[in-house]
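Here the structure is laid out as structure tokens; the discussion comes afterwards.
There are 2 protein chains.
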Amino acid sequence: MAFFRGRYLHSLDAKGRVAIPQRFREVLGGGDEALRLVMTVDPEGCLVVYPEAVWQELEEKWESLPQMNDELKTYLRFMVGWASDGALDRQGRILVPPPLREYAGLEHDVWFVGVLQNFEIWNGDRLEKATGRDRVRSVTQKLSGLF
Amino acid sequence: MAFFRGRYLHSLDAKGRVAIPQRFREVLGGGDEALRLVMTVDPEGCLVVYPEAVWQELEEKWESLPQMNDELKTYLRFMVGWASDGALDRQGRILVPPPLREYAGLEHDVWFVGVLQNFEIWNGDRLEKATGRDRVRSVTQKLSGLF
DNA sequence: CCACATTCCCCCACTTTTCCCCACGAATCA
DNA sequence: TGATTCGTGGGGAAAAGTGGGGGAATGTGG
Numbered sequence: 000m001a002f003f004r005g006r007y008l009h010s011l012d013a014k015g016r017v018a019i020p021q022r023f024r025e026v027l028g029g030g031d032e033a034l035r036l037v038m039t040v041d042p043e044g045c046l047v048v049y050p051e052a053v054w055q056e057l058e059e060k061w062e063s064l065p066q067m068n069d070e071l072k073t074y075l076r077f078m079v080g081w082a083s084d085g086a087l088d089r090q091g092r093i094l095v096p097p098p099l100r101e102y103a104g105l106e107h108d109v110w111f112v113g114v115l116q117n118f119e120i121w122n123g124d125r126l127e128k129a130t131g132r133d134r135v136r137s138v139t140q141k142l143s144g145l146f
Numbered sequence: 000m001a002f003f004r005g006r007y008l009h010s011l012d013a014k015g016r017v018a019i020p021q022r023f024r025e026v027l028g029g030g031d032e033a034l035r036l037v038m039t040v041d042p043e044g045c046l047v048v049y050p051e052a053v054w055q056e057l058e059e060k061w062e063s064l065p066q067m068n069d070e071l072k073t074y075l076r077f078m079v080g081w082a083s084d085g086a087l088d089r090q091g092r093i094l095v096p097p098p099l100r101e102y103a104g105l106e107h108d109v110w111f112v113g114v115l116q117n118f119e120i121w122n123g124d125r126l127e128k129a130t131g132r133d134r135v136r137s138v139t140q141k142l143s144g145l146f
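For the protein sequence lines, the chains are G and R, in the order given.
Mapping of the first sequence onto numbering that gives the first Met the number 0: position 16 corresponds to residue 15, and the numbering continues sequentially without gaps.
Mapping of the second sequence onto numbering that gives the first Met the number 0: position 105 corresponds to residue 104, and the numbering continues sequentially without gaps.
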């Protein structure tokens, strides 16, 4: 299994396009088909991008859950409601739809961050706050039970 | 099982490359295949380097945990988000990507420090602060229950 | 149903980074 | 003192990221 790893600084051009880091394209392209992906938002304030196959597994899981649950409905309104699917253009870029761009506060410089099964797209300042050393140290304490 | 031990002063060249100490290469190359490794960051402010096999075990463990957990997500954003995998070039060097170089404050002189299963790469001043006698003395006290 | 504006995607061109390869110098050992 | 090993430096081809022009597609308003 190949995973998304690492962080890369890329730039969103005037047309709202960004190049996906080459390393991420390799992971996406397990078999070298179309490289389709689904992009949505994360409550932390960034965008999340899934390979289409991974996203579809999530959808099936959601489908199988009790649909009357209000919390689930709220969650789906968020995750699915923001979702945008697309493919890479021939230069390996994706187009970030204006609402998503605005949600994540993306200007010219954006960070790609790999987190195993998917990757995220961040505004630099927000990323720094979310992954600062202090924050990580305190989180590590709480996790120590898990592994 | 061979372990990483000792400290070595090497230099990062203008292109961001450093030679891995020969003793470490021997440990990495249990069988003399590709010598692949994964480099990431540590909250203490240095870089950590794992043989690829060791790193993959970590990833598998993380994958098996509940993915909705916010603390885990923060942790992965940090550990995996900074990770960079690579191989040694024919001179036994690795390329330290600019974001990692900056994170760890690496300039020309860098220290390699072996810590059993993995090794670290340090800026000299930071290493001195992190391993000063006073600090180690106080830490040793707290450990006395463990062994 | 037809103009018109807008969005999207292809192509091309430029710059920067990465990764080969070769070569030098210091240290070690015979 | 020659030979080998190890760390260091640089040249150059290839790859990756960036930006812009223009045609096709889409959607909107008359």
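The beta carbon of each residue, even a glycine, is placed where N, CA and C say it ideally should be.
Any chain G beta carbon closer than 8 Å to residue i
i      : result
R:T73  : yes
R:K141 : no
R:K60  : yes
R:L64  : yes
Simplified DSSP state of residue i, which is helix, strand or coil
i      : result
R:T73  : helix
G:R35  : strand
R:G113 : strand
R:V48  : strand
G:A18  : strand
R:F146 : coil
G:D12  : coil
G:E119 : strand
Span separating the alpha-carbon of residue i from that of residue j
i      : j      : result
R:W54  : R:D84  : 10 Å
R:P96  : R:E51  : 17 Å
G:D108 : R:Q140 : 47 Å
R:G44  : R:D124 : 11 Å
G:E58  : G:E25  : 24 Å
G:T39  : G:K60  : 17 Å
G:T130 : R:T73  : 7 Å
Neighbour-count burial assignment, residue i, 16 or more Cβ in a 10 Å radius
i      : result
G:N68  : exposed
R:G30  : Confidence is the limiting factor: at R:G30 the pLDDT is only 49, short of 50, which leaves the residue's position unreliable and the question unanswerable from this model.
G:F146 : exposed
G:A18  : buried
R:P20  : buried
8 Å Cβ cutoff, residue i in contact with chain R
i      : result
G:A18  : no
G:G82  : Note that residue 82 of chain G is Ala in the sequence shown here, rather than Gly. No - not a single Cβ of chain R is within 8 Å of the one on G:A82.
G:G113 : yes
G:V48  : no
G:G5   : yes
- Query: So does the segment 112–125 of chain R actually touch the segment 1–12 of chain R, counting three or more Cβ pairs closer than 8 Å?
  - Reply: The segment 112–125 of chain R and the segment 1–12 of chain R touch, with no fewer than 3 CB-CB distances between them shorter than 8 Å.
- How about the segment 70–82 of chain R and the segment 128–143 of chain R: do they share at least three Cβ pairs that are nearer than 8 Å? no
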